[in-house]
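For the sequence shown, position 136 matches number 136 in the working numbering, and the numbering has no gaps at all. Beta carbons: idealized from backbone N, C-alpha and C, even for Gly. See below for the structure under consideration.
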Amino acid sequence: MAKQRTITRPEKRVLTRQAVERTGRRFTPSKGVAAAKAPPASSAGGSALRDILAVFAFIGSIGLFCALWTFRREDALAARVENLIGPVGHRAASGLFGLAGVCAYLIPVALFYSSLALFVRGRGRHRGRQIAGMIALAVFCAVLAHLLVGNTHVLAYPPGGAIGAALGETLRGTVSTLGSILLMMAAAGGALIVATDGAFARACVAAGRWTGRFAVASWAFSLAEGKKQYASWLTRREQRRLEKAEEDAAFAQALADAEESEAQEMDMAELDPELAEETRRAEPAFEMEPPAEELPEQIPLHAPTEDESLAAEADEVAEEAARLARQAEDRRAQEQAEQKARDAALRAARRARNAPLEDPAWTMAPPADAAVTESTTLPTPVEAKQEERPRPQPIINLPALAQPGAEARVNG
(Lines of atoms letter the chains of each structure in order from A; the text may use other names.)
(Lines give C-alpha, C1' and ligand atoms only; values in the text may rest on other atoms or scores of the structure.)
Protein backbone atom coordinates (compact mmCIF):
# COMPACT_ATOMS: atom_id res chain seq x y z
CA MET A 1 0.00 0.00 0.00
CA ALA A 2 1.11 3.46 -0.74
CA LYS A 3 2.03 5.57 2.16
CA GLN A 4 -0.23 8.53 2.84
CA ARG A 5 1.50 11.85 2.67
CA THR A 6 0.91 14.13 5.64
CA ILE A 7 0.99 17.86 5.12
CA THR A 8 2.15 19.84 8.08
CA ARG A 9 1.04 23.45 8.24
CA PRO A 10 3.00 26.00 10.14
CA GLU A 11 1.48 26.89 13.48
CA LYS A 12 0.35 30.45 13.82
CA ARG A 13 1.63 32.07 16.88
CA VAL A 14 0.36 35.32 18.36
CA LEU A 15 3.19 37.12 19.95
CA THR A 16 2.50 39.27 22.93
CA ARG A 17 4.10 42.63 23.52
CA GLN A 18 6.49 41.12 26.03
CA ALA A 19 7.54 38.40 23.54
CA VAL A 20 8.10 41.00 20.86
CA GLU A 21 10.24 43.04 23.17
CA ARG A 22 12.17 39.93 24.19
CA THR A 23 12.78 38.57 20.72
CA GLY A 24 13.14 41.95 19.08
CA ARG A 25 10.58 41.24 16.36
CA ARG A 26 8.40 44.08 15.18
CA PHE A 27 5.44 44.22 12.84
CA THR A 28 6.18 46.01 9.63
CA PRO A 29 3.10 46.84 7.61
CA SER A 30 3.05 45.94 4.01
CA LYS A 31 3.07 48.48 1.28
CA GLY A 32 -0.69 48.04 0.54
CA VAL A 33 -1.70 48.62 4.11
CA ALA A 34 0.60 51.61 4.40
CA ALA A 35 -0.82 53.04 1.20
CA ALA A 36 -4.38 52.53 2.46
CA LYS A 37 -3.67 54.21 5.78
CA ALA A 38 -1.69 57.07 4.37
CA PRO A 39 -3.74 60.29 3.88
CA PRO A 40 -4.33 61.35 0.29
CA ALA A 41 -2.29 64.16 -1.12
CA SER A 42 -5.37 66.35 -1.82
CA SER A 43 -6.89 66.05 1.70
CA ALA A 44 -5.46 69.36 2.87
CA GLY A 45 -6.92 71.26 -0.06
CA GLY A 46 -10.36 69.63 0.34
CA SER A 47 -10.47 70.48 4.04
CA ALA A 48 -9.68 74.13 3.34
CA LEU A 49 -12.37 74.32 0.63
CA ARG A 50 -14.92 72.76 2.99
CA ASP A 51 -14.13 75.32 5.68
CA ILE A 52 -14.47 78.19 3.20
CA LEU A 53 -17.87 76.90 2.06
CA ALA A 54 -18.98 76.55 5.68
CA VAL A 55 -18.06 80.16 6.40
CA PHE A 56 -19.90 81.42 3.31
CA ALA A 57 -22.97 79.32 4.19
CA PHE A 58 -22.99 80.67 7.76
CA ILE A 59 -22.71 84.30 6.65
CA GLY A 60 -25.27 83.74 3.88
CA SER A 61 -27.81 82.27 6.35
CA ILE A 62 -27.49 85.32 8.62
CA GLY A 63 -27.76 87.80 5.73
CA LEU A 64 -30.70 85.98 4.18
CA PHE A 65 -32.54 85.90 7.49
CA CYS A 66 -32.02 89.66 7.96
CA ALA A 67 -33.25 90.31 4.40
CA LEU A 68 -36.39 88.24 4.99
CA TRP A 69 -37.06 89.83 8.38
CA THR A 70 -36.83 93.43 7.11
CA PHE A 71 -38.67 92.86 3.82
CA ARG A 72 -41.23 95.49 2.81
CA ARG A 73 -43.20 95.65 -0.41
CA GLU A 74 -42.95 99.48 -0.54
CA ASP A 75 -39.16 99.27 -0.96
CA ALA A 76 -39.62 98.29 -4.62
CA LEU A 77 -40.73 101.85 -5.52
CA ALA A 78 -39.04 103.80 -2.72
CA ALA A 79 -35.97 105.91 -3.33
CA ARG A 80 -34.37 104.65 -0.14
CA VAL A 81 -34.53 100.94 0.62
CA GLU A 82 -35.05 100.14 4.31
CA ASN A 83 -33.95 96.53 3.97
CA LEU A 84 -30.86 95.75 6.05
CA ILE A 85 -29.17 93.99 3.12
CA GLY A 86 -30.11 96.71 0.63
CA PRO A 87 -31.66 96.28 -2.83
CA VAL A 88 -30.04 92.86 -3.24
CA GLY A 89 -31.59 91.67 0.00
CA HIS A 90 -34.97 93.10 -1.03
CA ARG A 91 -34.90 91.25 -4.36
CA ALA A 92 -33.73 88.00 -2.74
CA ALA A 93 -36.44 88.19 -0.06
CA SER A 94 -39.10 89.04 -2.65
CA GLY A 95 -38.12 86.05 -4.76
CA LEU A 96 -38.04 83.64 -1.79
CA PHE A 97 -41.39 84.86 -0.44
CA GLY A 98 -42.94 84.59 -3.87
CA LEU A 99 -41.52 81.08 -4.25
CA ALA A 100 -42.12 79.53 -0.78
CA GLY A 101 -44.30 82.03 1.11
CA VAL A 102 -43.95 82.01 4.90
CA CYS A 103 -41.77 78.90 4.66
CA ALA A 104 -38.99 81.00 3.15
CA TYR A 105 -37.64 81.39 6.70
CA LEU A 106 -36.68 77.70 6.62
CA ILE A 107 -34.15 78.36 3.84
CA PRO A 108 -31.71 80.34 6.06
CA VAL A 109 -32.20 77.67 8.71
CA ALA A 110 -31.15 75.03 6.16
CA LEU A 111 -28.10 77.11 5.21
CA PHE A 112 -27.11 77.48 8.86
CA TYR A 113 -27.43 73.74 9.40
CA SER A 114 -25.35 73.11 6.25
CA SER A 115 -22.59 75.35 7.61
CA LEU A 116 -22.53 73.36 10.83
CA ALA A 117 -22.39 70.12 8.82
CA LEU A 118 -19.40 71.41 6.87
CA PHE A 119 -17.60 72.52 10.00
CA VAL A 120 -18.08 69.17 11.76
CA ARG A 121 -16.08 66.30 10.28
CA GLY A 122 -17.61 62.86 9.63
CA ARG A 123 -21.11 61.65 8.92
CA GLY A 124 -21.22 63.52 5.66
CA ARG A 125 -23.90 61.29 4.20
CA HIS A 126 -26.16 61.85 7.21
CA ARG A 127 -25.69 65.62 6.93
CA GLY A 128 -26.77 65.60 3.30
CA ARG A 129 -29.87 63.60 4.16
CA GLN A 130 -30.76 66.06 6.90
CA ILE A 131 -30.36 69.03 4.54
CA ALA A 132 -32.63 67.32 2.00
CA GLY A 133 -35.18 66.68 4.76
CA MET A 134 -35.08 70.36 5.70
CA ILE A 135 -35.78 71.44 2.11
CA ALA A 136 -38.63 68.91 1.82
CA LEU A 137 -40.04 70.19 5.10
CA ALA A 138 -40.05 73.75 3.70
CA VAL A 139 -41.95 72.60 0.58
CA PHE A 140 -44.54 70.62 2.57
CA CYS A 141 -45.06 73.51 4.99
CA ALA A 142 -45.61 75.87 2.04
CA VAL A 143 -48.33 73.56 0.69
CA LEU A 144 -49.94 73.36 4.16
CA ALA A 145 -49.89 77.15 4.48
CA HIS A 146 -51.67 77.53 1.13
CA LEU A 147 -54.27 74.89 2.03
CA LEU A 148 -54.98 76.27 5.51
CA VAL A 149 -54.78 80.04 4.92
CA GLY A 150 -55.31 80.49 1.21
CA ASN A 151 -55.16 83.93 -0.36
CA THR A 152 -55.09 86.72 2.21
CA HIS A 153 -54.44 90.45 2.10
CA VAL A 154 -52.82 90.59 5.53
CA LEU A 155 -49.38 89.56 4.27
CA ALA A 156 -47.42 91.25 1.52
CA TYR A 157 -46.96 87.90 -0.22
CA PRO A 158 -48.98 84.69 -0.70
CA PRO A 159 -48.76 82.39 2.37
CA GLY A 160 -47.64 79.33 0.43
CA GLY A 161 -45.87 81.02 -2.47
CA ALA A 162 -45.86 79.71 -6.02
CA ILE A 163 -44.77 76.21 -4.95
CA GLY A 164 -47.50 75.94 -2.31
CA ALA A 165 -50.18 77.25 -4.67
CA ALA A 166 -49.25 74.87 -7.51
CA LEU A 167 -48.90 71.72 -5.39
CA GLY A 168 -51.83 72.64 -3.12
CA GLU A 169 -54.30 73.17 -5.96
CA THR A 170 -53.13 69.95 -7.63
CA LEU A 171 -53.66 67.95 -4.43
CA ARG A 172 -56.97 69.68 -3.72
CA GLY A 173 -58.29 68.64 -7.11
CA THR A 174 -57.13 65.06 -6.47
CA VAL A 175 -57.91 64.24 -2.82
CA SER A 176 -59.93 67.33 -1.73
CA THR A 177 -58.87 69.86 0.89
CA LEU A 178 -59.08 67.62 3.98
CA GLY A 179 -57.23 64.77 2.32
CA SER A 180 -54.52 67.14 1.11
CA ILE A 181 -54.07 68.57 4.61
CA LEU A 182 -53.76 65.11 6.18
CA LEU A 183 -51.33 63.96 3.48
CA MET A 184 -49.13 67.05 3.84
CA MET A 185 -49.12 66.75 7.64
CA ALA A 186 -47.88 63.17 7.38
CA ALA A 187 -45.24 64.15 4.80
CA ALA A 188 -44.09 67.11 6.94
CA GLY A 189 -43.75 64.84 9.97
CA GLY A 190 -41.61 62.38 8.01
CA ALA A 191 -39.45 65.20 6.62
CA LEU A 192 -38.98 66.57 10.15
CA ILE A 193 -37.84 63.15 11.39
CA VAL A 194 -35.34 62.88 8.53
CA ALA A 195 -34.13 66.46 9.03
CA THR A 196 -33.50 65.96 12.74
CA ASP A 197 -31.94 62.49 12.25
CA GLY A 198 -34.58 60.82 14.43
CA ALA A 199 -34.34 63.39 17.22
CA PHE A 200 -37.92 64.49 16.62
CA ALA A 201 -39.15 60.90 16.91
CA ARG A 202 -37.19 60.39 20.12
CA ALA A 203 -38.55 63.68 21.44
CA CYS A 204 -42.10 62.56 20.62
CA VAL A 205 -41.51 59.23 22.39
CA ALA A 206 -40.10 61.02 25.43
CA ALA A 207 -42.99 63.49 25.43
CA GLY A 208 -45.47 60.62 25.20
CA ARG A 209 -43.73 58.81 28.05
CA TRP A 210 -43.74 61.91 30.24
CA THR A 211 -47.35 62.61 29.31
CA GLY A 212 -48.34 59.08 30.31
CA ARG A 213 -46.53 59.38 33.63
CA PHE A 214 -48.11 62.74 34.29
CA ALA A 215 -51.55 61.36 33.44
CA VAL A 216 -51.05 58.38 35.78
CA ALA A 217 -49.80 60.65 38.57
CA SER A 218 -52.69 63.05 38.02
CA TRP A 219 -55.18 60.20 38.10
CA ALA A 220 -53.68 58.82 41.32
CA PHE A 221 -53.69 62.27 42.92
CA SER A 222 -57.26 62.92 41.79
CA LEU A 223 -58.37 59.53 43.12
CA ALA A 224 -56.73 60.13 46.49
CA GLU A 225 -58.17 63.64 46.69
CA GLY A 226 -61.60 62.33 45.72
CA LYS A 227 -61.46 59.70 48.47
CA LYS A 228 -60.42 62.35 50.97
CA GLN A 229 -63.23 64.67 49.91
CA TYR A 230 -65.74 61.79 50.05
CA ALA A 231 -64.63 60.88 53.58
CA SER A 232 -64.91 64.54 54.61
CA TRP A 233 -68.38 64.72 53.08
CA LEU A 234 -69.48 61.64 54.99
CA THR A 235 -68.15 63.15 58.22
CA ARG A 236 -69.97 66.43 57.60
CA ARG A 237 -73.19 64.60 56.75
CA GLU A 238 -73.01 62.55 59.94
CA GLN A 239 -72.32 65.69 61.95
CA ARG A 240 -75.29 67.47 60.37
CA ARG A 241 -77.48 64.45 61.10
CA LEU A 242 -76.45 64.46 64.75
CA GLU A 243 -77.03 68.21 65.04
CA LYS A 244 -80.47 67.87 63.46
CA ALA A 245 -81.34 65.01 65.79
CA GLU A 246 -80.28 67.13 68.78
CA GLU A 247 -82.34 70.07 67.53
CA ASP A 248 -85.39 67.84 67.00
CA ALA A 249 -84.99 66.37 70.48
CA ALA A 250 -84.67 69.84 72.04
CA PHE A 251 -87.72 71.07 70.11
CA ALA A 252 -89.75 68.04 71.14
CA GLN A 253 -88.75 68.54 74.78
CA ALA A 254 -89.66 72.23 74.65
CA LEU A 255 -93.00 71.39 73.03
CA ALA A 256 -93.73 68.76 75.66
CA ASP A 257 -92.86 71.21 78.44
CA ALA A 258 -95.11 73.86 76.91
CA GLU A 259 -98.01 71.41 76.58
CA GLU A 260 -97.52 70.24 80.14
CA SER A 261 -97.48 73.79 81.52
CA GLU A 262 -100.57 74.70 79.48
CA ALA A 263 -102.38 71.62 80.75
CA GLN A 264 -101.49 72.55 84.32
CA GLU A 265 -102.79 76.09 83.80
CA MET A 266 -106.05 74.83 82.32
CA ASP A 267 -106.51 72.39 85.20
CA MET A 268 -105.92 75.15 87.72
CA ALA A 269 -108.41 77.42 85.96
CA GLU A 270 -111.03 74.66 85.99
CA LEU A 271 -110.45 73.82 89.66
CA ASP A 272 -110.60 77.43 90.98
CA PRO A 273 -113.11 79.38 88.82
CA GLU A 274 -114.42 81.40 91.80
CA LEU A 275 -110.92 82.53 92.71
CA ALA A 276 -110.27 83.62 89.12
CA GLU A 277 -113.58 85.56 89.09
CA GLU A 278 -112.74 87.35 92.34
CA THR A 279 -109.34 88.28 90.99
CA ARG A 280 -110.89 89.67 87.79
CA ARG A 281 -113.40 91.76 89.85
CA ALA A 282 -110.61 93.11 92.01
CA GLU A 283 -108.58 94.35 89.03
CA PRO A 284 -110.06 97.97 88.98
CA ALA A 285 -109.17 98.42 92.64
CA PHE A 286 -105.57 97.57 91.85
CA GLU A 287 -105.70 99.93 88.90
CA MET A 288 -106.77 102.98 90.90
CA GLU A 289 -104.41 102.30 93.75
CA PRO A 290 -101.03 104.03 93.30
CA PRO A 291 -98.01 101.79 93.26
CA ALA A 292 -96.57 101.19 96.65
CA GLU A 293 -93.13 102.44 97.38
CA GLU A 294 -90.49 99.83 97.30
CA LEU A 295 -89.41 99.10 100.80
CA PRO A 296 -86.07 97.61 101.61
CA GLU A 297 -86.18 93.96 102.33
CA GLN A 298 -86.36 93.24 106.00
CA ILE A 299 -84.88 90.14 107.36
CA PRO A 300 -87.57 88.36 109.36
CA LEU A 301 -86.65 87.87 112.98
CA HIS A 302 -88.60 84.65 113.22
CA ALA A 303 -89.75 81.92 110.84
CA PRO A 304 -93.14 82.47 109.08
CA THR A 305 -96.11 80.87 110.75
CA GLU A 306 -98.47 78.42 109.12
CA ASP A 307 -101.11 81.10 108.54
CA GLU A 308 -98.61 83.35 106.80
CA SER A 309 -97.45 80.50 104.55
CA LEU A 310 -101.05 79.71 103.63
CA ALA A 311 -101.70 83.38 102.89
CA ALA A 312 -98.63 83.58 100.64
CA GLU A 313 -99.67 80.44 98.78
CA ALA A 314 -103.18 81.83 98.38
CA ASP A 315 -101.74 85.04 96.92
CA GLU A 316 -99.67 83.08 94.40
CA VAL A 317 -102.68 80.96 93.42
CA ALA A 318 -104.76 84.12 93.00
CA GLU A 319 -102.14 85.70 90.75
CA GLU A 320 -101.88 82.58 88.59
CA ALA A 321 -105.67 82.28 88.36
CA ALA A 322 -105.97 85.93 87.31
CA ARG A 323 -103.36 85.47 84.61
CA LEU A 324 -105.07 82.34 83.27
CA ALA A 325 -108.44 84.08 83.31
CA ARG A 326 -107.06 86.99 81.31
CA GLN A 327 -105.54 84.61 78.78
CA ALA A 328 -108.82 82.70 78.42
CA GLU A 329 -110.78 85.96 78.02
CA ASP A 330 -108.37 87.23 75.37
CA ARG A 331 -108.59 83.92 73.51
CA ARG A 332 -112.41 84.01 73.57
CA ALA A 333 -112.45 87.60 72.36
CA GLN A 334 -110.11 86.76 69.51
CA GLU A 335 -112.23 83.76 68.49
CA GLN A 336 -115.40 85.89 68.57
CA ALA A 337 -113.76 88.56 66.40
CA GLU A 338 -112.65 85.96 63.87
CA GLN A 339 -116.14 84.43 63.81
CA LYS A 340 -117.71 87.85 63.24
CA ALA A 341 -115.30 88.54 60.37
CA ARG A 342 -116.14 85.21 58.75
CA ASP A 343 -119.89 85.84 59.13
CA ALA A 344 -119.55 89.30 57.60
CA ALA A 345 -117.59 87.89 54.66
CA LEU A 346 -120.25 85.21 54.09
CA ARG A 347 -123.06 87.78 54.21
CA ALA A 348 -121.22 90.02 51.74
CA ALA A 349 -120.68 87.07 49.39
CA ARG A 350 -124.38 86.11 49.56
CA ARG A 351 -125.42 89.71 48.92
CA ALA A 352 -123.10 89.97 45.93
CA ARG A 353 -124.37 86.65 44.56
CA ASN A 354 -128.09 87.51 44.97
CA ALA A 355 -127.87 91.16 43.80
CA PRO A 356 -128.95 91.72 40.12
CA LEU A 357 -126.43 92.96 37.61
CA GLU A 358 -126.62 96.72 37.25
CA ASP A 359 -126.38 98.38 33.86
CA PRO A 360 -124.35 101.62 33.99
CA ALA A 361 -126.68 103.14 31.37
CA TRP A 362 -129.76 102.72 33.65
CA THR A 363 -128.07 103.67 36.90
CA MET A 364 -129.40 107.00 38.18
CA ALA A 365 -127.48 109.39 40.41
CA PRO A 366 -128.87 109.93 43.94
CA PRO A 367 -130.76 113.17 44.61
CA ALA A 368 -128.94 116.21 45.94
CA ASP A 369 -130.81 116.14 49.29
CA ALA A 370 -129.61 112.61 49.95
CA ALA A 371 -126.04 113.61 49.13
CA VAL A 372 -126.30 116.56 51.54
CA THR A 373 -127.77 114.33 54.23
CA GLU A 374 -125.00 111.79 53.81
CA SER A 375 -122.36 114.51 53.90
CA THR A 376 -123.85 115.92 57.11
CA THR A 377 -124.02 112.54 58.79
CA LEU A 378 -120.42 111.57 57.98
CA PRO A 379 -118.04 112.10 60.89
CA THR A 380 -115.22 114.58 60.62
CA PRO A 381 -111.62 113.33 60.34
CA VAL A 382 -110.92 114.55 63.89
CA GLU A 383 -113.87 112.58 65.30
CA ALA A 384 -112.83 109.51 63.28
CA LYS A 385 -109.32 109.75 64.67
CA GLN A 386 -110.69 110.13 68.20
CA GLU A 387 -112.90 107.09 67.70
CA GLU A 388 -110.04 105.05 66.30
CA ARG A 389 -107.77 105.95 69.26
CA PRO A 390 -107.25 102.79 71.39
CA ARG A 391 -108.69 102.82 74.86
CA PRO A 392 -106.26 102.60 77.81
CA GLN A 393 -105.99 99.16 79.26
CA PRO A 394 -106.14 98.65 83.02
CA ILE A 395 -102.78 98.19 84.72
CA ILE A 396 -102.59 95.42 87.29
CA ASN A 397 -99.89 95.46 89.92
CA LEU A 398 -99.80 91.78 90.68
CA PRO A 399 -96.70 91.93 92.93
CA ALA A 400 -98.84 93.74 95.51
CA LEU A 401 -100.70 90.49 96.10
CA ALA A 402 -97.53 88.76 97.12
CA GLN A 403 -96.91 91.15 100.06
CA PRO A 404 -98.19 90.03 103.42
CA GLY A 405 -101.48 91.59 104.34
CA ALA A 406 -102.34 92.56 100.75
CA GLU A 407 -105.50 90.46 100.73
CA ALA A 408 -106.71 92.10 103.89
CA ARG A 409 -106.03 95.57 102.46
CA VAL A 410 -108.01 94.75 99.29
CA ASN A 411 -110.95 93.34 101.22
CA GLY A 412 -110.93 96.31 103.52
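query                                                                                                                                                                        : result
Under the rule that 16 or more other beta-carbon atoms within 10 Å means buried, what is N83, buried or exposed?                                                             : buried
For the candidate residues T177, S61, E319, whose alpha-carbon lies nearest to that of S114?                                                                                 : S61
Tell me the residue span of the alpha helix (DSSP H) that contains F71.                                                                                                      : Premise fails: F71 is in no alpha helix (DSSP H) and is neither H nor E.
Among the candidates E262, E338, A254, whose CA atom is the shortest distance from the CA of A325?                                                                           : E262
Under a Cβ-count criterion, where at least 16 other Cβ atoms within 10 Å of its own Cβ denotes burial, should Q130 be classed as buried or exposed?                          : buried
Whose C-beta lies closer than 6 Å to the C-beta of Y230 among residues of the same chain, with five residues either side of it excluded?                                     : none
What span of residues does the alpha helix (DSSP H) with Y113 cover, start to end?                                                                                           : 106-119
Rounded to whole angstroms, what is the Cα-Cα separation between S218 and C204?                                                                                              : 20 Å
Return helix, strand or coil for N83, following the three-state DSSP convention.                                                                                             : coil
Any idea if I52 is buried or exposed, counting beta-carbon neighbours within 10 angstroms, 16 or more meaning buried?                                                        : exposed
Apart from the five residues just before and just after T70, which ones in its own chain have a Cβ nearer than 7 Å to its Cβ?                                                : E82, N83, L84
Do A57 and A93 have their beta-carbon atoms positioned less than 9 Å apart in this structure?                                                                                : no
Assuming L116 contacts L137 under a Cβ cut-off of 8 Å, what Cβ separation, rounded to an integer in Å, is found between them?                                                : Not really, about 17 Å apart at Cβ, beyond 8 Å.
Would you identify the three-state DSSP class for T174, choosing helix, strand or coil?                                                                                      : helix
Whole angstroms is fine: what's the gap from M184's alpha carbon to G190's?                                                                                                  : 10 Å
Give me, in chain order, the residues of the same chain whose beta-carbon lies closer than 8 Å to that of F140; leave out the 5 immediate sequence neighbours on both sides. : M184, A187, A188, A191
Taking all protein chains shown into account, decide if A207 is buried (16 or more other Cβ within 10 angstroms of its Cβ) or exposed.                                       : exposed
Are L96 and A104 closer than 9 Å when you measure CB to CB?                                                                                                                  : yes
Pop quiz: G168 and G161 are said to be a contact at Cβ under 8 Å. What is the actual Cβ separation, rounded to whole angstroms?                                              : The pair is not a contact, with the Cβ atoms about 10 Å apart (cut-off 8 Å).
Our contact map puts A145 next to G164 with C-beta atoms below 8 Å; I'd like the distance itself, whole angstroms only.                                                      : 6 Å
So which of R209, A166, G128, V149 has the shortest CA-CA distance to L99?                                                                                                   : A166
Can you grab the Cα-Cα spacing for the pair A318 / L234, in whole Å?                                                                                                         : 57 Å
Of the choices V143, D315, A76, Q327, whose alpha-carbon is the least far from that of V102?                                                                                 : V143
Once the 5 residues before and after L118 are set aside, which same chain residues still bring their CB inside 6 Å of it?                                                    : R50, L53, A54
Exposed or buried, E320, counting other C-beta atoms within 10 Å across all chains shown (16 or more means buried)?                                                          : buried
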